[in-house]
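*Asks:* Here's a structure for you.
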Amino acid sequence: MSQDIITNPISTQQIVELVLKHYGLDVTAKQLPGYIDFNFLLTSSDGMRFILKIANADEPMAELAMQNALMNHLQHSPSDRAPNKETTSSCDSFETPLPIKTRQQQDIVTLFDENGQPRFMRLLSFVDGVFFANHSKIGERQYQQLGAMTAQLSKQTAGFTHPSANRYLDWDLKQAPHVIDSKIDYLKDDTQRAQIETIRAMLAQQLTPFDEKLPQAVIHNDINDYNLLLDSAEESANISGLIDFGDMVHSYRVNELAIAITYAMLDTEEPLNVIKTITQSYHEHNPLLPVELWVLFPLICARLATSVCNSAKAILEEPDNDYLLISAKPAWRAIEKLLSFDAKTIGFELQRLCNITPFASNRHDDIIAKRKENLFQTLSISYQQPLIIERGQGQYLLDENDIAYLDMVNNVCHVGHCHPKVVAAGQTQMATLNTNTRYLHQNLVDYSQALLETMPDELSVVMFVNSGSEANELAMRLMQCATGSQELLVVDGAYHGHTNKAIEISPYKFNGPGGEGAADNIHIVPMPDPYRGEIKGMSEASGRQYAQYAVDKINHLSNSGKQLGGFICESLQGVGGNLIMPNGYLKTVYQAVRAAGGICIADEVQVGFGRVGSHWWAFETQDVVPDIVTLGKPIGNGHPLAAVVTTKAIADAFVTGMEYFNTFGGNPVSCAIGHAVLDTIKSENLRENALDTGNYFMAQLRELAATQPLIGDVRGLGLFIGAELVLDEQLTPATEQAKALCEILKRQHILLSLDGPHNNVLKIKPPIVFNRANVDYFVSQLDCALSSLSAQE
Ligand code: PMP
Numbered sequence: 005m006s007q008d009i010i011t012n013p014i015s016t017q018q019i020v021e022l023v024l025k026h027y028g029l030d031v032t033a034k035q036l037p038g039y040i041d042f043n044f045l046l047t048s049s050d051g052m053r054f055i056l057k058i059a060n061a062d063e064p065m066a067e068l069a070m071q072n073a074l075m076n077h078l079q080h081s082p083s084d085r086a087p088n089k090e091t092t093s094s095c096d097s098f099e100t101p102l103p104i105k106t107r108q109q110q111d112i113v114t115l116f117d118e119n120g121q122p123r124f125m126r127l128l129s130f131v132d133g134v135f136f137a138n139h140s141k142i143g144e145r146q147y148q149q150l151g152a153m154t155a156q157l158s159k160q161t162a163g164f165t166h167p168s169a170n171r172y173l174d175w176d177l178k179q180a181p182h183v184i185d186s187k188i189d190y191l192k193d194d195t196q197r198a199q200i201e202t203i204r205a206m207l208a209q210q211l212t213p214f215d216e217k218l219p220q221a222v223i224h225n226d227i228n229d230y231n232l233l234l235d236s237a238e239e240s241a242n243i244s245g246l247i248d249f250g251d252m253v254h255s256y257r258v259n260e261l262a263i264a265i266t267y268a269m270l271d272t273e274e275p276l277n278v279i280k281t282i283t284q285s286y287h288e289h290n291p292l293l294p295v296e297l298w299v300l301f302p303l304i305c306a307r308l309a310t311s312v313c314n315s316a317k318a319i320l321e322e323p324d325n326d327y328l329l330i331s332a333k334p335a336w337r338a339i340e341k342l343l344s345f346d347a348k349t350i351g352f353e354l355q356r357l358c359n360i361t362p363f364a365s366n367r368h369d370d371i372i373a374k375r376k377e378n379l380f381q382t383l384s385i386s387y388q389q390p391l392i393i394e395r396g397q398g399q400y401l402l403d404e405n406d407i408a409y410l411d412m413v414n415n416v417c418h419v420g421h422c423h424p425k426v427v428a429a430g431q432t433q434m435a436t437l438n439t440n441t442r443y444l445h446q447n448l449v450d451y452s453q454a455l456l457e458t459m460p461d462e463l464s465v466v467m468f469v470n471s472g473s474e475a476n477e478l479a480m481r482l483m484q485c486a487t488g489s490q491e492l493l494v495v496d497g498a499y500h501g502h503t504n505k506a507i508e509i510s511p512y513k514f515n516g517p518g519g520e521g522a523a524d525n526i527h528i529v530p531m532p533d534p535y536r537g538e539i540k541g542m543s544e545a546s547g548r549q550y551a552q553y554a555v556d557k558i559n560h561l562s563n564s565g566k567q568l569g570g571f572i573c574e575s576l577q578g579v580g581g582n583l584i585m586p587n588g589y590l591k592t593v594y595q596a597v598r599a600a601g602g603i604c605i606a607d608e609v610q611v612g613f614g615r616v617g618s619h620w621w622a623f624e625t626q627d628v629v630p631d632i633v634t635l636g637k638p639i640g641n642g643h644p645l646a647a648v649v650t651t652k653a654i655a656d657a658f659v660t661g662m663e664y665f666n667t668f669g670g671n672p673v674s675c676a677i678g679h680a681v682l683d684t685i686k687s688e689n690l691r692e693n694a695l696d697t698g699n700y701f702m703a704q705l706r707e708l709a710a711t712q713p714l715i716g717d718v719r720g721l722g723l724f725i726g727a728e729l730v731l732d733e734q735l736t737p738a739t740e741q742a743k744a745l746c747e748i749l750k751r752q753h754i755l756l757s758l759d760g761p762h763n764n765v766l767k768i769k770p771p772i773v774f775n776r777a778n779v780d781y782f783v784s785q786l787d788c789a790l791s792s793l794s795a796q797e
């Protein structure tokens with residue numbers, strides 16, 4: 005057969021002749037708009053319609069053959085595409101184009117352009133319908149069908165392979181981080197650039213680490229609203245067809261769903277509902293893995309981000325092309341909307357919606373056996389069925405199957421588990437240098453200054469150590485040097501650490517199981533508990549009355565000729581039961597301590613760094629300035645770092661001739677990390693978040709307490725909240741119920757633990773990135789759990 009040379013532009017007459025020659029069909033032809041190909045709609049004399057595609061010169065034949073192969077595969081795949089239009093939520097039947105062979109039984113015809121370059125021609129059956137993009141009555145029914153259709157497609161493509169599918173494509177979401185990095189400079193608007201940077205950071209945290217775990221397959225890769233067809237323009241329309249296999253690629257299977265969702269939710273009022281409806285429907289028809297649900301939202305954002313980056317390049321190249329600007333607008337609107345949600349919270353919600361439950365794993369038993377063999381038996385493990393936790397992100401912990409749990413407890417990973425900026429600060433410094441304070445290093449002085457700036461002026465000197473216990477140990481040495489005394493007032497039930505001295509000053513330990521009671525120099529004052537204690541309420545009068553116990557102790561000491569060393573007290577009681585002390589308590593006690601020559605130590609190991617929201621430090625809520633403040637837990641967001649902050653006078657008293665050298669304290673890595681934590685609290689407005697979310701949280705809990713009588717008391721400041729469970733008006737502790745509650749909530753993927761002398765206080769002190777959606781989920785689950793507990797009685 006002679007060579008077919010085509011002209012540019014190609015005439016419809018030439019098309020008609022080519023079709024007659026190769027396919028034996030007598031047709032009329034109409035050119036269709038195409039991105040880079042020539043596309044023609046053909047109508048035969050008997051009314052049949054076809055699409056003729058002439059690929060652009062760069063398109064390799066192997067890739068066209070791959071498209072044909074998949075379209076053929078779909079026609080022949082198992083029969084679960086049998087029509088079933090009765091069920092609105094399913095989409096068992098959808099049509100895809102079918103490649104039509106030439107008279108010579110060829111799938112692809114090679115034409116040549118005027119330069120002698122081959123151009124490949126294919127004929128496809130025509131898929132009729134109304135474009136999703138042009139349909140004005142899209143609703144729940146079609147979203148469900150879209151999910152079902154995408155699921156069906158994934159099932160059918162699962163068994164399909166083709167050597168050409170492993171190709172690089174800018175539109176492959178697997179490449180999104182790279183595409184964004186290489187094109188972000190095309191964005192000239194600062195706000196837009198910042199939005200794309202946020203998405204890029206989201207991908208680094210919530211997509212890239214899971215790369216190896218995401219199932220891969222050959223996917224259509226472009227279920228957009230102009231490739232998707234419906235069978236009518238009515239509200240009752242069904243999704244009936246999918247066209248254009250030009251972007252197929254071997255990639256993450258879940259990208260198919262992410263892309264379908266991206267276009268379906270463009271310019272919808274409630275994009276989150278659309279995301280949820282389509283995802284749930286997909287999952288019903290083709291179950292997704294927990295990890296796929298976790299990365300889905302970042303992938304949707306990635307599709308929008310790559311789309312606007314690609315169009316930004318085109319806009320720069322054609323600044324007068326208004327169409328380019330207009331067509332990018334819906335994606336920008338969607339980006340703005342989606343970035344108002346927390347990506348991890350959506351991952352969690354999607355896992356909950358799809359009812360992802362833990363799968364059996366035999367690793368638990370192995371790990372438990374190894375722990376028993378090699379470690380001290382005194383370590384405890386949470387939950388009847390312990391959890392293997394392998395990853396932390398924000399306020400979530402992920403188990404070995406990437407199933408997320410909402411962390412209500414961890415006040416160490418304060419700015420969120422594995423916060424990328426904190427991690428990066430540590431990694432960078434670790435890869436550069438880690439030494440000790442005997443060399444000069446900028447990090448130590450910079451961080452000291454930044455930390456001291458958050459403190460009242462009097463507290464002007466800091467020493468870095470490695471744990472809260474060590475900080476309290478050092479505080480005790482400082483007290484000895486400053487006052488010459490070891491006589492210490494401690495609050496009943498308090499915990500200050502696990503080292504020798506720290507246990508000696510912790511009634512929770514020395515009066516608890518295995519404890520040996522108080523040493524002679526330790527003087528216990530009652531816990532100022534406005535709910536359960538002898539004196540009720542938060543008033544100043546109550547504060548003064550509780551303080552009177554301390555005043556009496558101090559008087560008793562001086563009457564017996566002893567010099568007071570000091571008073572140590574958490575600014576809010578942690579282990580003691582997440583208690584807020586009545587107003588004026590610390591003020592009155594501090595006055596009495598100082599009048600007796602003692603010093604006042606505030607243990608802020610649990611409660612500092614803006615958790616209370618209104619202030620940086622919880623002691624500020626009592627309107628006092630301590631002489632020593634000990635810091636720990638949140639200070640390094642999980643990195644072992646702690647500090648003692650004090651006055652110049654007390655620090656000077658420590659100069660006895662004995663050197664203080666601490667191998668790790670104040671090292672450049674710890675300082676870089678600590679500094680990054682402070683910066684993050686400020687730059688992400690996390691104090692404001694703690695205050696806002698905490699107040700909302702307490703309001704919701706108090707509302708719940710009105711209908712759930714087990715909740716006896718709700719108290720807190722910011723995101724330091726205690727909810728105390730009691731059985732009756734006599735405040736009989738509901739200890740068993742509280743324990744059962746933690747197990748029930750764990751089944752709903754909430755990690756909660758208990759505190760207080762009776763183990764009946766729900767300890768609520770999550771990472772301070774906790775949000776209102778988290779509160780709503782927790783409170784609704786708490787409500788159900790409490791109801792189920794009441795029903796059992
Ligand atoms: N002080 C308080 C108030 C604490 O809660 C703790 C730890 N729970 C410590 C000190 C001891 O800190 P670390 O475990 O870092 O030694």
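Per my numbering, residue 5 is the first one in the sequence shown, and the count goes up by one each step. Heads up, the beta-carbon is just placed ideally off N, CA and C, and yes, glycines get one too. If you're wondering where the values come from, they're calculated on a predicted model, not measured in any experiment.
Does the beta carbon of V783 fall short of 7 Å from some heavy atom of ligand 1?
*Replies:* No, the beta carbon of V783 sits no closer than 7 Å to any heavy atom of ligand 1.
*Asks:* In the DSSP assignment, find the unbroken beta strand (DSSP E) run with D411 in it and report its ends.
*Replies:* Unbroken beta strand (DSSP E) run through D411: A408 to D411.
*Asks:* What first and last residue would you give for the beta strand (DSSP E) that runs through R375?
*Replies:* Looking at the DSSP string, R375 is not in any beta strand (DSSP E); the run it does join, the alpha helix (DSSP H), is R367 to N378.
*Asks:* Hey, E340 and S365: beta-carbon distance below 8 Å or not?
*Replies:* In this structure, S365 does not lie closer than 8 Å to E340 by Cβ.
*Asks:* Between the stretch 472 to 486 and the stretch 651 to 660, can you find at least three pairs of beta-carbon atoms closer than 8 Å?
*Replies:* The stretch 651 to 660, when compared against the stretch 472 to 486, does touch it at the 8 Å Cβ threshold.
*Asks:* Between the Cα of G669 and those of V648, K686 and T660, spot the shortest distance and give me the residue it belongs to.
*Replies:* Selected option, being the one with the closest Cα: V648.
*Asks:* On the CB-based measure, 16 or more other CB atoms within 10 Å of its CB, does E90 come out buried or exposed?
*Replies:* Since pLDDT at E90 reaches only 45, below the 50 mark, its modelled position is unreliable, and no value is offered.
*Asks:* Any beta carbon of chain B sitting closer than 8 Å to that of G398?
*Replies:* No chain B is part of this structure, which consists of one protein chain only.
*Asks:* Short check: CB of N587 to CB of G720, under 8 Å?
*Replies:* Their beta carbons are not under 8 Å apart, which means N587 does not touch G720 by this criterion.
*Asks:* Counting Cβ pairs, one atom from each stretch, are 3 or more of them under 8 Å apart for the stretch 546 to 560 and the stretch 496 to 516?
*Replies:* Verdict: no, contact absent.
*Asks:* Per DSSP, which residues does E574 bridge with? Please list them.
*Replies:* Paired residue(s): D607.
*Asks:* Would DSSP call Q7 helix, strand or coil?
*Replies:* Correct three-state label for Q7: coil.
*Asks:* Could you check if A801 is buried or exposed, using at least 16 other CB atoms within 10 Å of its CB as the buried criterion?
*Replies:* Outside the shown range of the chain (5 to 797) lies residue 801, about which nothing can therefore be said.
*Asks:* Please go through the same chain and pick out, in chain order, the residues whose beta-carbon is closer than 7 Å to the beta-carbon of Y451, but skip the five residues on each side of it.
*Replies:* So the qualifying residues of the chain are C675, G678 and H679.
*Asks:* Applying the criterion that 16 or more other CB atoms from any shown protein chain within 10 Å of the CB defines a buried residue, is S751 buried or exposed?
*Replies:* Before going further, note that residue 751 is Arg rather than Ser in the sequence given. Answer is exposed; the Cβ neighbour count stays below 16.
*Asks:* First and last residue of the alpha helix (DSSP H) that includes D696?
*Replies:* Counting along the chain, the alpha helix (DSSP H) containing D696 begins and ends at L690 to A709.
*Asks:* I need the straight-line Cα distance from C417 to A694, nearest angstrom please.
*Replies:* Spanning the two alpha carbons is a distance of roughly 14 Å.
*Asks:* Considering only DSSP beta bridges, list what I715 is partnered with.
*Replies:* DSSP output for I715 lists L729 as bridge partner(s).
*Asks:* May I ask you to report which of helix, strand or coil DSSP gives K686?
*Replies:* DSSP places K686 in helix when its eight states are reduced to three.
*Asks:* Let me check you understand the geometry: is the CB of H643 closer than 7 Å to at least one non-hydrogen atom of ligand 1?
*Replies:* No.
*Asks:* Beta-carbon within less than 6 Å of T100's beta-carbon, same chain only, minus the 5 sequence neighbours each way: which residues are those?
*Replies:* Taken in chain order, the residues that qualify are M75, L78 and L246.
*Asks:* Below 7 Å, is the gap between the Cβ of A479 and the nearest heavy atom of ligand 1?
*Replies:* No, since every heavy atom of ligand 1 falls outside the 7 Å radius drawn around the Cβ of A479.
*Asks:* Using three-state DSSP, classify K513 as helix, strand or coil.
*Replies:* DSSP places K513 in helix when its eight states are reduced to three.
*Asks:* Within 10 Å of its beta-carbon, does F44 have 16 or more other beta-carbons around it, so buried, or fewer, so exposed?
*Replies:* Flag for F44 reads buried.
*Asks:* Can you tell me where the beta strand (DSSP E) holding I526 begins and where it ends?
*Replies:* Per DSSP, I526 belongs to the beta strand (DSSP E) from I526 to V529.
*Asks:* Taking three-plus beta-carbon pairs below 8 Å as touching, is the stretch 138 to 146 in contact with the stretch 100 to 111?
*Replies:* Output reads no: the stretch 100 to 111 does not touch the stretch 138 to 146.
*Asks:* Return the first residue and the last residue of the beta strand (DSSP E) that S140 is part of.
*Replies:* Neither: S140 is in no beta strand (DSSP E) and is coded neither H nor E.
*Asks:* Report back the beta-carbon spacing between I200 and E260 to the nearest angstrom; my notes put them in contact at under 8 Å.
*Replies:* Incorrect: roughly 23 Å between the Cβ atoms, too far for contact.
*Asks:* Pick from N225, R367 and L320: whose alpha carbon is nearest that of I304?
*Replies:* Nearest C-alpha to I304: N225.
*Asks:* State the Cα-Cα distance for the pair D533 and I509, rounded to the nearest angstrom.
*Replies:* About 19 Å.
*Asks:* Pull up the distance between the alpha-carbon of G351 and that of F345, whole angstroms please.
*Replies:* Their Cα atoms are separated by approximately 11 Å.
*Asks:* Spatial neighbours of V783 within its chain, please: CB distance less than 7 Å, with the 5 preceding and 5 following residues excluded, ordered by chain position.
*Replies:* So the qualifying residues of the chain are Q704, L705 and L708.
*Asks:* Quick one, which of Y499, V579 and P362 has its alpha-carbon nearest I725's?
*Replies:* The shortest C-alpha separation from I725 is found at V579.
*Asks:* Which runs of the alpha helix (DSSP H), 4 residues or longer, sit entirely within the stretch 444 to 529?
*Replies:* Runs found: 446 to 457, 472 to 487, 504 to 508 and 511 to 514.
*Asks:* Return yes when the Cβ of P770 is within less than 8 Å of the Cβ of V413, no when it is not.
*Replies:* Cβ distance < 8 Å, so V413 and P770 count as in contact.
*Asks:* With a 10 Å radius around its C-beta and 16 neighbouring C-beta atoms as the bar for buried, classify L274 as buried or exposed.
*Replies:* In the sequence under discussion, the amino acid at residue 274 is Glu, which differs from the Leu named in the question. Classification of E274: exposed, given that the 10 Å Cβ count is below 16.
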